[in-house]
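Visitor: Can you keep this structure in mind? I'll have questions shortly.
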Amino acid sequence: MRAIHVTEFGGPEVLRLVEVPDPRPEPGRLLIDVSAAGVNYADTHAVEDSYLSRSTLPMIPGGEVVGRTEDGRRVVALADGNGGYAEKAVVREDLAIDVPESVSDAQALALIVQGLTAWHLLRTSGRVAPGESVVVHAAAGGTGSLAVQLAKAFGAGRVIATASTQDKRDLALALGADVAVAADGDGLKDRLVEANGGRKVDVVLEMTGGRVFEESLAALAPFGRLVTYGLAGRQAPEPVHAAQLMGRSRAVVGFWLMHAIGRPGMFREPLSELLEMVADGRLTPQVGGVYPLAEAARAHEDLRARRTVGKLVLDTSR
177 MRAIHVTEFG GPEVLRLVEV PDPRPEPGRL LIDVSAAGVN YADTHAVEDS YLSRSTLPMI
237 PGGEVVGRTE DGRRVVALAD GNGGYAEKAV VREDLAIDVP ESVSDAQALA LIVQGLTAWH
297 LLRTSGRVAP GESVVVHAAA GGTGSLAVQL AKAFGAGRVI ATASTQDKRD LALALGADVA
357 VAADGDGLKD RLVEANGGRK VDVVLEMTGG RVFEESLAAL APFGRLVTYG LAGRQAPEPV
417 HAAQLMGRSR AVVGFWLMHA IGRPGMFREP LSELLEMVAD GRLTPQVGGV YPLAEAARAH
477 EDLRARRTVG KLVLDTSR
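First residue of the sequence shown? That's 177 in our numbering, and the numbers climb one at a time after it.
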């Protein structure tokens with residue numbers, strides 16, 4: 177089969193299309209004929225070995241696939257230890273879920289990691305209550321564009337989006353954000369407070385790190401929660417001390433989707449809810465680009481350069 181094979185850590189240049197043997201499923205696992213594979217920002221960390229979990233070589237990147245099982249089921253699934261950027265992949269049976277025919281491949285891929293992440297950021301970690309203000313950073317991205325819509329659906333009182341360009345801010349507004357502001361760290365606290373009518377904010381979903389994290393923390397109201405789920409800026413924030421949290425009754429909560437996998441009620445149930453929301457039109461995943469499998473490196477380049485919106489997909493037929 178054709179697959180993207182990585183034999184050395186680095187940037188997009190290490191992603192090479194080669195022929196490799198077909199994988200063989202063990203008991204409890206399914207072999208998927210992959211029609212499309214999802215691209216996540218975490219993949220860019222995995223190929224340079226800078227993610228939360230360590231990478232090993234050689235590797236086939238990619239944690240999410242959609243396709244057909246050997247008995248003809250159409251499923252979306254988490255790949256078993258990466259392996260998604262390929263024409264075939266092996267997945268755990270319990271991490272594969274049937275896709276309604278009204279949901280496209282790209283839409284399903286938008287939900288398996290980014291949709292579940294957005295759901296848990298709001299429900300599990302952020303615990304957004306009706307009427308609370310929610311800040312969604314990178315609101316035009318794969319996770320952010322879904323979080324904007326879900327925050328409104330879950331009863332947020334005011335959704336404040338940030339994005340790096342006017343076009344991306346316009347998209348966030350079209351998806352339901354009440355206001356959209358520039359994403360850069362300088363002066364971000366003041367922009368967020370102004371966007372919330374002069375009041376500090378209740379919940380922030382943050383995945384950049386560095387100055388954006390620090391300014392977001394400063395913008396939190398008493399009993400506010402900052403949920404951090406990435407370091408897209410590849411710059412760690414300054415350490416947070418207990419007095420900073422206690423002094424204003426604020427909380428910083430970390431979230432990594434892998435900790436939800438296998439826990440009762442944290443995978444199949446929310447994913448089923450998201451698929452139903454897409455099927456009946458309550459949720460609209462944004463598909464930002466479909467790339468041939470052979471151009472995985474270009475997908476990573478575009479993602480890292482912040483040239484994309486929504487979900488990026490690799491078409492394994494090309």
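Idealized CB from N, CA, C, for every residue including glycine.
Just the Cα atoms here: how many angstroms apart are Ala356 and Ala427?
Guide: Residue 356 sits at position 180 when you count from the first residue of the sequence shown. Residue 427 sits at position 251 when you count from the first residue of the sequence shown. Roughly 24 angstroms separates the two Cα atoms.
Visitor: Within a Cβ cutoff of 6 angstroms, which residues of the same chain sit near Pro188, ignoring the five residues on either side of it in sequence?
Guide: The sequence position of residue 188 within the sequence shown is 12, counting from 1. Excluding positions up to five away in sequence, the list reads Ala473, His476 and Glu477.
Visitor: Given that a residue counts as buried once 16 or more other Cβ atoms are within 10 Å of its Cβ, and exposed if not, what is Phe399?
Guide: Along the sequence shown, read from residue 1 onward, the residue named residue 399 stands at position 223. By the neighbour-count rule (16 or more Cβ atoms within 10 Å), Phe399 is not buried but exposed.
Visitor: At 4 residues or longer, what runs of the alpha helix (DSSP H) sit wholly inside the stretch 344 to 431?
Guide: Fully enclosed alpha helix (DSSP H) runs of 4 or longer: 364 to 371, 386 to 394 and 418 to 422.
Visitor: So what does Gly186 bridge to, in DSSP terms?
Guide: Translated into positions along the sequence shown, residue 186 becomes position 10. DSSP lists no partner for Gly186.
Visitor: Flag this pair as yes or no: are the beta carbons of Gly243 and Val289 separated by less than 8 angstroms?
Guide: Along the sequence shown, read from residue 1 onward, the residue named residue 243 stands at position 67. Along the sequence shown, read from residue 1 onward, the residue named residue 289 stands at position 113. For Gly243 and Val289, no; Cβs fall outside 8 angstroms.
Visitor: Taking the beta carbon of Leu297 as the centre, do at least 16 other beta carbons fall within 10 Å, making it buried, or is it exposed?
Guide: Locating residue 297 in the sequence shown gives position 121, where the first residue counts as 1. Counting Cβ neighbours within 10 Å, Leu297 comes out buried, since at least 16 surround it.
Visitor: Please name the residue, chosen from Ser226, Asp366, Leu207 and Tyr217, that lies closest to Ala253 on a Cα-to-Cα basis.
Guide: Translated into positions along the sequence shown, residue 253 becomes position 77. When only C-alpha atoms are compared, the closest one is Leu207.
Visitor: Quick check on the burial criterion: 16 or more other C-beta atoms within 10 angstroms. Buried or exposed for Pro203?
Guide: Your numbering for residue 203 matches position 27 in the sequence shown. Exposed, by the Cβ-count rule.
Visitor: May I have the straight-line CA-CA distance separating Ala255 from Gly406, to the nearest angstrom?
Guide: Here residue 255 refers to the residue found at position 79 when the sequence shown is read from its first residue. Here residue 406 refers to the residue found at position 230 when the sequence shown is read from its first residue. Rounded to the nearest angstrom, the two C-alpha atoms are 20 angstroms apart.
Visitor: State the DSSP-derived secondary structure class of Val289, mapped to helix, strand or coil.
Guide: Walking along the sequence shown from the start, residue 289 turns up at place 113. Correct three-state label for Val289: helix.
Visitor: Short of 7 angstroms in beta carbon distance, which residues of its chain neighbour Val194, apart from the five on each side in sequence? Order them along the chain.
Guide: Your numbering for residue 194 matches position 18 in the sequence shown. Correct list, in chain order: Ala179 and His181.
Visitor: Straight-line CA distance for Ser493 to Ala329?
Guide: Position 317 of the sequence shown, counting from 1, holds the residue named residue 493. Position 153 of the sequence shown, counting from 1, holds the residue named residue 329. If you take the alpha carbons of Ser493 and Ala329, they lie about 36 angstroms apart.
Visitor: When you compare only the Cα positions, how much space is there between Arg387 and Arg410?
Guide: Locating residue 387 in the sequence shown gives position 211, counting from the first residue. Locating residue 410 in the sequence shown gives position 234, counting from the first residue. Arg387 and Arg410: Cα-Cα distance of roughly 11 angstroms.
Visitor: Taking Cβ positions, are His313 and Thr338 nearer each other than 8 angstroms?
Guide: As a first step, residue 313 must be located in the sequence shown, where it is residue number 137. As a first step, residue 338 must be located in the sequence shown, where it is residue number 162. Contact: yes.
Visitor: Just the Cα atoms here: how many angstroms apart are Ser226 and Thr220?
Guide: Your numbering for residue 226 matches position 50 in the sequence shown. Your numbering for residue 220 matches position 44 in the sequence shown. Ser226 and Thr220: Cα-Cα distance of roughly 9 angstroms.
Visitor: Going by DSSP, what residues sit across from His181 in a beta bridge?
Guide: Position 5 of the sequence shown, counting from 1, holds the residue named residue 181. According to DSSP, which records beta bridges pairwise, His181 is partnered with Arg192.
Visitor: For Arg458 and Leu451, I'd like the C-alpha separation in whole angstroms.
Guide: Taking the sequence shown and counting its residues from 1, one reaches residue 458 at position 282. Taking the sequence shown and counting its residues from 1, one reaches residue 451 at position 275. In a straight line, the C-alpha of Arg458 is about 10 angstroms away from that of Leu451.
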